[in-house]
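Participant: Could you have a look at this structure, given as structure tokens, before my questions?
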Amino acid sequence: MEDANNSYDLIIIGGGPAGLSAAIYGGRAKLKTLLINKGTLGGMADTTREIVNYPGTIKVSGPDLMGDFAKHAESFGVEFLKDEVVGTDFAGERKKVTTKKKKEFFAKAVIIAVGNEPRLLDIPGEKELQGSGVAYCATCDAEFFEGEDVVVIGSGDQAIEEGMYIAKFARKVTVIVLHDEGILDCNKVSAEGALRHKKMEFVWNSTIEEVLGEESVKGVKIRNIKTGELTELPCQGVFFFVGMIPSTQFLKASGLEMDERGYIPVSEQMETNLEGVYAVGDNRRKYLRQVVTAASDGATAAVAAERYIEEQDSFQLNVLQSEKKVLLLFFDAFNQESLEFSTSLEEVNLELQESYKIVKIDMATKKNLALKYQIDKVPSVVLLEKGREIKRLNCCTGKDKLKSQL
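Structure representation (structure tokens):
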């Protein structure tokens, strides 16, 4: 049940750079904002040892940068809750989210910023030995392999850069690569650094078939994809960096449109297919997934949500609660025909002793209402009574014919 304690203007699900950026903008806009995050604030960025491409900051640790994001949001009165959202109801004007701790929260708008998570290969031994030698985050776990032999699976930016970090602790790091010798999927600078690294070795044209060990990792079984030959390599740790998947599984029944991988397509304003619901950061379909693009997404979505909320509040007050019938006028402030028609409508209403309340909707700034009423041209007028549509006026007539329609 909704009450003052669980009711918000804006709820943000996820506390990575996208969610925190949205929180900053939401709080600054004086929206009552709640950020729900199941893990450590900062998301994947919080596990990054060094960030060297965030504009204006030459080098900073992920935890330090994300800590600053969180403090910034807190300074604007944003509320934080450590919990996991497991259910949603986005059907009505009041969006509802339900958490693992069986709490319910309501908001006028929701921003989804749950990011993504490491993709599993689902090979024998991987799940069984998670936390006992199988790992997915070098910053989190590399130090546990001091002086030991470690295998890294993958050859993208994350795999190679994390592999070099692991090499600071491990005796040796062996990278398993699908490609021919010398070919890595990472950027050129990282590739050059890894290939000449004294503690890093590469096994080319190969993939991993199994993680060996009972209580802890003892080695890996490797298959050469060209010859089919199977070999075993002793090691004490295996780090998987074979891609990411969006953390959107809990949204499958929400009505949100998602692609075959679970990523959410959005508009330029970060709008999803559901009114009042936005998606930002690594869980949305996009070209580049970096802290700077996540922060940009969050800012865009929060501003869009603020305008959506203002639009809905204004509609509630001026239309749904109006004692008079409402003439909902869709116009374009830069269109001369729209401006002339607006004047004519006001004059006709004056002649009718202001029997109607005229509510003007500028198509350039209030697109949600235009979509709601399927308005594709201006000027357009929808006659409403208590929010119920009665009819639409023919706007291509003179004042007399316009008056006759009313």
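Quick note: the sequence shown uses our numbering, first residue 430, plus one each step.
Backbone N, C-alpha and C fix where the C-beta goes; we use that ideal spot for every residue, glycine too.
Starting from the N-terminal side, write out each stretch of the alpha helix (DSSP H) that is 4 residues or longer and does not extend beyond the stretch 575-621.
Facilitator: DSSP runs (the alpha helix (DSSP H)) wholly in the stretch 575-621: 586-595.
Participant: According to DSSP, is Leu768 part of a helix, a strand, or is it coil?
Facilitator: Here residue 768 is taken as the residue at index 339 of the sequence shown, counted from 1. Of the three classes helix, strand and coil, the one that applies to Leu768 here is helix, per DSSP.
Participant: In angstroms, rounded to a whole number, what distance separates the CA positions of Phe631 and Val606?
Facilitator: Start at 1 with the first residue of the sequence shown, and residue 631 comes out as number 202. Start at 1 with the first residue of the sequence shown, and residue 606 comes out as number 177. The alpha-carbon atoms of Phe631 and Val606 are separated by roughly 7 Å.
Participant: Are the beta-carbon atoms belonging to Ala499 and Gly727 less than 8 Å from one another?
Facilitator: Start at 1 with the first residue of the sequence shown, and residue 499 comes out as number 70. Start at 1 with the first residue of the sequence shown, and residue 727 comes out as number 298. Contact flag unset, no.
Participant: Are the CB atoms of Glu639 and Pro694 nearer to each other than 8 Å?
Facilitator: Start at 1 with the first residue of the sequence shown, and residue 639 comes out as number 210. Start at 1 with the first residue of the sequence shown, and residue 694 comes out as number 265. No; because the gap between Cβ atoms is not below 8 Å, this pair is not in contact.
Participant: Have a look at Asp475, Leu703, Gly583, Leu768 and flag the residue whose alpha-carbon is nearest the alpha-carbon of Arg523.
Facilitator: Taking the sequence shown and counting its residues from 1, the one referred to as residue 523 is at position 94. Nearest of Asp475, Leu703, Gly583, Leu768 to Arg523, Cα basis: Leu703.
Participant: Check the DSSP bridge columns for Asp518 and list the partner residues they point to.
Facilitator: One-based indexing of the sequence shown puts residue 518 at position 89. In DSSP, Asp518 forms a bridge with Lys525.
Participant: Using 8 Å as the threshold, is the C-beta distance between Asn545 and Asp711 below it?
Facilitator: In the sequence shown, residue 545 corresponds to position 116, counting from 1. In the sequence shown, residue 711 corresponds to position 282, counting from 1. A contact, by the Cβ cut-off of 8 Å.
Participant: Using the three-state DSSP reduction, which class does Ser504 fall into: helix, strand or coil?
Facilitator: Reading the sequence shown from its first residue, position 75 is the one you call residue 504. In this structure, Ser504 counts as helix in the three-state DSSP scheme.
Participant: Evaluate contact between the stretch 436-449 and the stretch 457-468, counting only Cβ atoms and requiring at least three cross-stretch pairs below 8 Å.
Facilitator: Judged by Cβ distances under 8 Å, the stretch 436-449 makes contact with the stretch 457-468, as three or more pairs qualify.
Participant: When the Cα of Thr826 is compared with those of Ser767, Ile787, Lys681, which residue comes out closest?
Facilitator: To locate residue 826, count along the sequence shown from 1; it is residue 397. Taking only the C-alpha atoms, the option nearest Thr826 is Ser767.
Participant: Counting along the chain, where does the alpha helix (DSSP H) carrying Ile480 start and finish?
Facilitator: In the sequence shown, counting from the first residue as 1, residue 480 sits at position 51. That residue, Ile480, is in no alpha helix (DSSP H); it is neither H nor E in DSSP.
Participant: Helix, strand or coil: which one does DSSP assign to Ala682?
Facilitator: Start at 1 with the first residue of the sequence shown, and residue 682 comes out as number 253. In this structure, Ala682 counts as coil in the three-state DSSP scheme.
Participant: I need the straight-line Cα distance from Arg836 to Glu479, nearest angstrom please.
Facilitator: The displayed coordinates of the chain run from 430 to 835. Any statement about residue 836 would go beyond what the structure contains.
Participant: Using CA coordinates, which residue listed in Asn653, Glu661, Thr656 is at the minimum distance from Lys647?
Facilitator: Taking the first residue of the sequence shown as position 1, residue 647 is located at position 218. Selected option, being the one with the closest Cα: Glu661.
Participant: Just to confirm my understanding: we take Phe759, look at its own chain, exclude 5 residues before and 5 after, and list those with CB closer than 7 Å. What are they?
Facilitator: Within the sequence shown, residue 759 is the residue found at index 330, counting from 1. Excluding residues within five positions, the ones whose Cβ falls inside 7 Å are Ile790, Met792, Ala799, Ile804, Val807, Pro808, Ser809.
Participant: Mapping the DSSP letters down to three states, classify Arg718 as helix, strand or coil.
Facilitator: In the sequence shown, the residue the question calls residue 718 occupies position 289. Coil at Arg718, not helix or strand.
Participant: Rank Lys655, Leu781, Glu735, Lys754 by C-alpha distance to the C-alpha of Lys795 and give the top, closest one.
Facilitator: As a first step, residue 795 must be located in the sequence shown, where it is residue number 366. Of the listed residues, the one whose Cα sits closest to Lys795 is Glu735.
Participant: So Leu774 and Ile787 are in contact, right, with Cβ under 8 Å, and what is the actual spacing, rounded?
Facilitator: By 1-based counting over the sequence shown, the position of residue 774 is 345. By 1-based counting over the sequence shown, the position of residue 787 is 358. About 6 Å; that satisfies the 8 Å criterion.
Participant: With a threshold of 6 Å on Cβ separation, who are the neighbours of Asp829 within its own chain once the five nearest residues in sequence on each side are excluded?
Facilitator: Locating residue 829 in the sequence shown gives position 400, counting from the first residue. Hits under 6 Å: none found.
Participant: On a Cα-Cα basis, can you pick out the residue from Glu557, Thr517, Leu449 that is closest to Thr527?
Facilitator: Your numbering for residue 527 matches position 98 in the sequence shown. Measuring from the Cα of Thr527, the nearest candidate turns out to be Thr517.
Participant: Select from Glu643, Asp609, Pro675 the residue whose C-alpha is nearest the C-alpha of Phe653.
Facilitator: Reading the sequence shown from its first residue, position 224 is the one you call residue 653. A small correction: the amino acid at residue 653 is Asn; Phe does not occupy that position in the sequence shown. The option with the nearest alpha carbon to Asn653 is Asp609.
Participant: Quick check: the Cα distance between Pro484 and Gly471, rounded to an integer number of angstroms?
Facilitator: For this step, residue 484 is matched to residue 55 along the sequence shown. For this step, residue 471 is matched to residue 42 along the sequence shown. Answer to the nearest angstrom: the Cα atoms are 18 Å apart.
Participant: Taking Cβ to Cβ, would you say Val507 is nearer than 8 Å to Gly705?
Facilitator: To locate residue 507, count along the sequence shown from 1; it is residue 78. To locate residue 705, count along the sequence shown from 1; it is residue 276. No. Outside cutoff.
Participant: Taking the straight line between their C-alpha atoms, what separation do you get for Lys815 and Lys754?
Facilitator: Reading the sequence shown from its first residue, position 386 is the one you call residue 815. Reading the sequence shown from its first residue, position 325 is the one you call residue 754. Their backbone Cα atoms lie some 7 Å apart in a straight line.
Participant: Quick one: is Asn616 buried, meaning 16 or more other Cβ sit within 10 Å of its Cβ, or exposed?
Facilitator: Counting from 1 along the sequence shown, the entry for residue 616 is found at position 187. Answer is exposed; the Cβ neighbour count stays below 16.
Participant: Determine the DSSP secondary structure at Lys537, reduced to helix, strand or coil.
Facilitator: Position 108 of the sequence shown, counted from the first residue, corresponds to residue 537. Strand.
Participant: If distances are taken between C-alpha atoms only, which option among Ala520, Glu739, Gly672 comes closest to Leu836?
Facilitator: As displayed, the chain neither begins before 430 nor continues past 835, which places residue 836 out of reach and without an answer.
Participant: Could you work out which residue in Ser833, Ser725, Leu558, Asp742 is closest to Gly445 when comparing CA atoms only?
Facilitator: Counting from one through the sequence shown, the residue named residue 445 turns up at place 16. Out of Ser833, Ser725, Leu558, Asp742, Ser725 has the C-alpha closest to the C-alpha of Gly445.
Participant: Return the CA-CA distance between Ala682 and Leu831, expressed in angstroms with no decimal places.
Facilitator: As a position in the sequence shown, residue 682 is number 253, starting the count at 1. As a position in the sequence shown, residue 831 is number 402, starting the count at 1. Their Cα atoms are separated by approximately 46 Å.
Participant: Could you give the residue range of the beta strand (DSSP E) that holds Tyr565?
Facilitator: Here the question's residue 565 lines up with position 136 in the sequence shown. No beta strand (DSSP E) holds Tyr565; DSSP gives it neither H nor E.
Participant: Might you give, ordered along the chain, the residues of its own chain that have their beta carbon closer than 6 Å to the beta carbon of Tyr802, omitting 5 neighbours on each side?
Facilitator: By 1-based counting over the sequence shown, the position of residue 802 is 373. Answer for Tyr802: Val811, listed in chain order.
Participant: Determine the DSSP secondary structure at Ala762, reduced to helix, strand or coil.
Facilitator: Translated into the one-based positions of the sequence shown, residue 762 becomes position 333. Three-state result, Ala762: coil.
Participant: Please determine, among Asn823, Ser504, Asp475, Gly468, the residue with the shortest C-alpha to C-alpha distance to Leu510.
Facilitator: Sequence index remark: in the sequence shown, residue 510 carries index 81 (1-based). That would be Gly468, whose Cα lies nearest to the Cα of Leu510.
Participant: Short check: CB of Ala731 to CB of Gly443, under 8 Å?
Facilitator: Here residue 731 refers to the residue found at position 302 when the sequence shown is read from its first residue. Here residue 443 refers to the residue found at position 14 when the sequence shown is read from its first residue. The answer is no: Cβ separation not under 8 Å.
Participant: Note down, in chain order, each residue of its chain lying with its Cβ closer than 8 Å to the Cβ of Leu641, except the 5 sequence neighbours on either side.
Facilitator: Residue numbering aside, residue 641 sits at position 212 when the sequence shown is read from its first letter. Hits under 8 Å: Gly554, Lys647, Gly648, Val649, Lys650, Glu661.
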